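First residue of the sequence shown? That's 2 in this note's numbering, and the numbers climb one at a time after it. All C-beta atoms, glycine included, are put in the ideal place defined by N, C-alpha and C. Keep in mind the model is a prediction, meaning the values are calculated, not measured. Structure, as structure tokens:
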Amino acid sequence: MADLMDLQPTLLAVAHGTRDPAGPATVRALLDRVRALRPWLRVAEAYAEIAEPSLETAVRGLDGPVVAVPLLLARGYHALIDIPGRAERLHPGLVTSRPLGPDGMLTTAMIDRLAAGLAGGEPLRRTDAVVLGAAGSSDPAGVADVRAAARMLSRRLGRPVPYGFVAAEGPVLAEVVERRRRAGAGRVLVASYLLAPGLFHRRIEAAGADAVSAPIGAHDAVARLVLRRFEEARQRLGGVVPAARLS
2 MADLMDLQPT
12 LLAVAHGTRD
22 PAGPATVRAL
32 LDRVRALRPW
42 LRVAEAYAEI
52 AEPSLETAVR
62 GLDGPVVAVP
72 LLLARGYHAL
82 IDIPGRAERL
92 HPGLVTSRPL
102 GPDGMLTTAM
112 IDRLAAGLAG
122 GEPLRRTDAV
132 VLGAAGSSDP
142 AGVADVRAAA
152 RMLSRRLGRP
162 VPYGFVAAEG
172 PVLAEVVERR
182 RRAGAGRVLV
192 ASYLLAPGLF
202 HRRIEAAGAD
212 AVSAPIGAHD
222 AVARLVLRRF
232 EEARQRLGGV
242 VPAARLS
């Protein structure tokens, strides 16, 4: 085990960060699931802003090859510019993966969270409307990723799934919810397209839906996705012993 850990690059998971202590707690629970799937892999935690340890603190504490995995659900400034730029300046040779989303594994987790949020675990009704609720992005690529996530969820649920934002220009979540209600939906349910609790999730909860799912959080499908992004980026390091096949 020790030899394997010496040969493997470190997985540096970089979340956005929030002042809500439930946010880092959720990230740590997710990383515990990653460690359970790959016990010989070093997994470190960092945040792009607000929470500790900061990205700089975490990177300075690492030796050897490192793969940074942004725990973000869409492309945007943090995923494409901020995290790679800061991390790679501090640790030459470090590589950064693409963000987690959009991906069918996130869709699986969202469906599970949506089902868990319904009273008594009842199934979706034919008259229910589902809306994907996201923070949003000023980057067109990030908006496209949210749109793709909504399409994936729509295909899996077999019904239209529009999307709305709570922290960026674009479709306003509260307005999307109200439009679905006026169109005759029996209930309007919001699938939270956020990784962890915090300000943005509270805004989603305040958008007027009949029910809001919990953030995607510490789900086994997300843990496997973190490892998939790690493996994709690890190939760019070169000279590192291949890791075991994903479960």
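A straight-line Cα-Cα distance of about 16 Å links residue 168 and residue 178. Counting along the chain, the unbroken alpha helix (DSSP H) around residue 179 starts and ends at 174 to 183. Taking 8 Å as the cut-off, the beta carbon of residue 199 is found closer than this to the beta carbon of residue 21.
Excluding sequence positions up to five before and after residue 155, its CB lies within less than 7 Å of the CB of 161, 162, all in the same chain and listed in chain order. Looking only at 25, 33, 207, 9, the smallest Cα-Cα distance to residue 225 is reached by 33.
In the three-state reduction of the DSSP assignment, residue 215 falls in the coil class, being assigned neither a helical nor a strand state. Taking every protein chain shown into account, the CB of residue 57 has fewer than 16 other CB atoms within 10 angstroms, so this residue is exposed. Contact annotation: residue 103 and residue 146 have beta-carbon atoms nearer than 8 Å.
A direct Cα-to-Cα measurement between residue 152 and residue 235 gives close to 29 Å. In the structure shown, residue 46 falls within a strand segment according to DSSP collapsed to helix, strand and coil. Within the same chain, Cβ atoms closer than 7 Å to the Cβ of residue 51 are found at 18, 19, 20, the five residues on either side in sequence being excluded. Rounded to the nearest whole angstrom, the C-alpha separation of residue 215 and residue 59 is 28 Å. Residue 90 sits exposed, since fewer than 16 C-beta atoms from the chains shown fall within 10 Å of its C-beta. Excluding five sequence positions before and after residue 204, the CB atoms of its chain that fall closer than 6 Å to its own CB belong to 167, given in chain order. In the DSSP assignment, residue 167 falls outside any alpha helix (DSSP H) and carries neither an H nor an E. Residue pairing by DSSP places residue 71 opposite 15 in a beta bridge.
In the three-state reduction of the DSSP assignment, residue 193 falls in the strand class.
Taking C-beta atoms as the reference points, residue 190 and residue 211 count as a pair closer than 8 Å. Using a Cβ distance threshold of 8 Å, residue 131 and residue 192 count as a contacting pair. For residue 206, the closest alpha carbon among the candidates 39, 133, 62 is that of 133.
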